[in-house]
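Peer 1: Right, I'll just put the structure down here and ask away after.
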Amino acid sequence: MTKRSQQAATSAQQQGGECLRFVASTQSPADQISAVKSLFNARTITGSEYAQLKAKAFA
């Protein structure tokens, strides 16, 4: 059971990294925020990650 949990965590981490690279590659801040909001709504990222990425889009 623990091995499955570790595999699931690793998989989620990899997917999150791919999503973050996608968000970072978009051009406008509005596009970045929209993509980040979608990730947050899909529960792919946490609230703190959402806040960090949103702040980066405004920077």
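For the sequence shown, this note's numbering begins at -17 and goes up steadily by one.
Cβ coordinates follow ideal geometry from the N, Cα and C atoms, glycine included.
Taking the alpha-carbon positions, what's the Lys36 to Gln14 distance?
Peer 2: Each residue's Cα considered, the two are about 8 Å apart.
Peer 1: Three-state secondary structure (DSSP) at Ala33?
Peer 2: Looking at Ala33 - three-state DSSP - the assignment turns out to be helix.
Peer 1: When you compare only the Cα positions, how much space is there between Tyr32 and Pro11?
Peer 2: Rounded to the nearest angstrom, the two C-alpha atoms are 14 Å apart.
Peer 1: Where do the N-terminal and C-terminal ends of the alpha helix (DSSP H) with Ala41 fall, by residue?
Peer 2: Segment: none, Ala41 is in no alpha helix (DSSP H) and carries neither H nor E.
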